[in-house]
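As structure tokens, the structure follows; a few thoughts come after it.
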Amino acid sequence: MTRVLVVEDDPQLVRALEINLKARKYEVDAAVDGGTARRLASARPPDVVLLDLGLPDMDGIDVIRWLRGFSRAPILVVSARQASDEKVAALDAGADDYITKPFSMDELLARLRAAARRPRPAGRDEAVVATVVETEGFTLDLAAKKALRDGRAVRLTPTEWHLLEVLVRHRGRLVGRQQLLAEVWGPTHGARTNYLRVYMAQLRRKLEPDPAHPRHLITAPGMGYRFEA
């Protein structure tokens, strides 16, 4: 069965989509915000995503970018935003289609069927494998939310996992402080750089063989952080 992830904060619309999709034998996961969407997509990779841009905790564009870090599942934006620049931004971020609210359910279902038929370079299983990262000292399974250090399980908090996900998705590249704060804590926390210092120290203490001289969770002073496997 085709699994559809619906990311929408309007409960009535979510209910209507669930009824129509399940009636056509789709499996449906529903998320009311970006954080829930990320958790569901990591645990149960979708075959197609229906995504609203106006989410309560983050912009849908950020969810698109996050998904494109490990998944090639078609993303259909379903949004009330009608400006051309909004549509261009979503498509440039990795969306496959853009449907403006209000919409015809028949048209949405037709576009969903078309998107699901398109060949994909990576299947669902490959998307999950891509979230497993191994270093000399520890292993991360981002989909299963499991960390092992020297063969022993390491407990990480949801925020620590979220921060790791962003860094791993950009492995080998510098991720700016503002981007990290926006993706993990939301766009209103751009000045809270102390959050990053605290959580990076916690991650190093839990994962790095020598936290005082990290080999994997690297700081670029005044700029941001980088993950090196």
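Taking the working numbering, the leading residue of the sequence shown gets 1, the next gets one more, and so forth. Each residue gets a CB set at the ideal place from its N, CA and C atoms; glycine is no exception. Treat the numbers as computed from the prediction; the structure is a model and nothing was measured.
State the DSSP-derived secondary structure class of residue i, mapped to helix, strand or coil.
{"i": "G34", "result": "helix"}
{"i": "T159", "result": "helix"}
{"i": "K25", "result": "coil"}
{"i": "R226", "result": "strand"}
{"i": "K145", "result": "coil"}
{"i": "T219", "result": "strand"}
{"i": "R3", "result": "strand"}
{"i": "A90", "result": "helix"}
{"i": "E126", "result": "With a pLDDT of only 41 at E126, under 50, the local geometry of the prediction cannot be trusted, and the value read off the model is given with reservation. Three-state DSSP puts E126 in a helix."}
Name the DSSP bridge partner or partners of residue i?
{"i": "D59", "result": "G54"}
{"i": "Y98", "result": "V77"}
{"i": "V133", "result": "L140"}
{"i": "G176", "result": "G224"}
{"i": "V154", "result": "A147"}
{"i": "V48", "result": "V4"}
Sort the options by Cα distance to residue i and report the nearest one.
{"i": "G60", "options": "L207, S84, R24, A89", "result": "A89"}
{"i": "R179", "options": "K206, V63, I99", "result": "Note that residue 179 is Gln in the sequence shown here, rather than Arg. The residue with the shortest Cα to Cα distance from Q179 is V63."}
{"i": "Y199", "options": "M223, E208, T159, A229", "result": "T159"}
{"i": "M1", "options": "D47, D33, G69", "result": "D47"}
Practice task
Could you say if the stretch 29-37 and the stretch 74-89 meet the contact criterion of at least three C-beta pairs nearer than 8 Å?
Solution key: Contact fails: fewer than three Cβ-Cβ distances are below 8 Å.
Exercise for the section: Could you tell me whether the stretch 84-98 touches the stretch 179-199, where touching means 3 or more Cβ pairs closer than 8 Å? Expected result: Contact between the stretch 84-98 and the stretch 179-199 is absent, because fewer than three Cβ pairs lie under 8 Å.
Problem - Cβ pair count under 8 Å reaching 3, the stretch 155-165 against the stretch 179-187 - result: A contact is defined here as three or more CB-CB pairs under 8 Å, and the stretch 155-165 meets this definition with respect to the stretch 179-187.
Practice task
Tell me, please, whether the stretch 130-145 touches the stretch 108-118 by the rule of three or more beta-carbon pairs shorter than 8 Å.
Solution key: Not touching, per the Cβ criterion.
Exercise for the section: For the stretch 145-156 and the stretch 167-178, state whether three or more C-beta atom pairs, one from each stretch, are separated by less than 8 Å. Expected result: Under the three-pair Cβ rule at 8 Å, the stretch 145-156 does not count as touching the stretch 167-178.
Problem - At least 3 beta-carbon pairs within less than 8 Å: the stretch 9-24 vs the stretch 34-42 - result: Counting Cβ pairs under 8 Å, fewer than three are found: no touch.
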